[in-house]
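Following: one structure in structure tokens, then a few remarks.
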Amino acid sequence: MGDMPSIQPVGDTGVRIHFGDQIDPEIHKQIQSYCNALQARNLRGVIEWVPSYTAVTIYYHPYQIDYQSLIRELAKMKKNIQSLSEREVRKVVIPVVYGGEYGPDLVDVAEHNGLTPAEVIEIHSSASYLVYMMGFVPGFPYLGGMSESIATPRLEQPRATIPVGSVGIAGGQTGVYPLETPGGWRLIGRTPLRLYDPHRERPMLLMVGDQITFEPVSMKEYSEREADELKIHKKREQSNELSD
């Protein structure tokens, strides 16, 4: 992995390890490898770690491990980090209805970039995206790999409510809203998939390291998939209620 990335304290219970300064698949691999090493090492006093585009923030209990001791352990770990080159990447296809009431900003994105709506759809759906990190709400994937040809600034005035499943663009990023929430991303479509379901064994559909593609679908296909997703969700909900 080369030299130890730069490390800095985050308050009195956190440490941030920087691996670079740009969104890059190779930096992502280093971060994921480091997270795997943290998982395997199971350091006493480490509470959790949160990967982002270019860094990992590690939260720890200062009464169980002090800052200097933690830094020494982190430095040792780099010698035993395994490469992700042989790791099988999970691929997920996300069906999307583009435009219309489900993608009210599609025309604006097209006009901003001197394209037609059809060209925006083609560009957006033909790329392969990497899930770099999760947030700002449960299940929200921050994706890298979008073409700069459809990059568009956020809305100047965020919407008070974004419908569940909305696919948006903000600058050079694209993502999917898993919950109804305020937001300022440009909405170009919507998926019927439930990216977050608290009744599912693993509530978040996506995870860091997944490879994502978007598949344009018709309104009919969207409605059918949405109905299927609702049935599955209700069954899980009823099953959880019976087990409580």
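Going left to right, the sequence shown walks through residues 1 to 244 as full-length UniProt numbering numbers them.
Yeah, the Cβ is synthetic: ideal placement off N, Cα and C, and Gly gets one too.
Endpoints, the beta strand (DSSP E) within which residue 34 is located: Element bounds for residue 34: not the beta strand (DSSP E) but the alpha helix (DSSP H), 25 to 41.
Looking at the strands, I want to know which residues DSSP matches up with residue 211. Bridge partners of residue 211: 91 and 130.
Of the choices 99, 15 and 164, whose alpha-carbon is the least far from that of residue 75? 15
Range covered by the alpha helix (DSSP H) that runs through residue 106: 106 to 112
Nearest residue (CA-CA) to residue 88, options 32, 147, 13 and 77: 32
Apply the 10 Å Cβ neighbour rule to residue 230 and answer buried if 16 or more other Cβ atoms are within range, or exposed otherwise. exposed
How big is the Cα-Cα spacing for residue 186 and residue 146? 14 angstroms
CA-CA distance, residue 209 and residue 53? 11 angstroms
Mapping DSSP to helix, strand and coil, what is residue 11? coil
Can you tell which of 117, 211, 99 and 98 has the C-alpha that lies nearest to the C-alpha of residue 143? 211
Do the region 212 to 221 and the region 127 to 136 make contact, defined as three or more Cβ pairs closer than 8 angstroms? Contact between the region 212 to 221 and the region 127 to 136 is present, because at least three Cβ pairs lie under 8 angstroms.
Rounded to the nearest angstrom, how far is the Cβ of residue 189 from that of residue 154, given a contact under 8 angstroms? Contact doesn't hold; Cβ gap of about 17 angstroms is too wide.
Helix, strand or coil for residue 233, going by three-state DSSP, please let me know. helix
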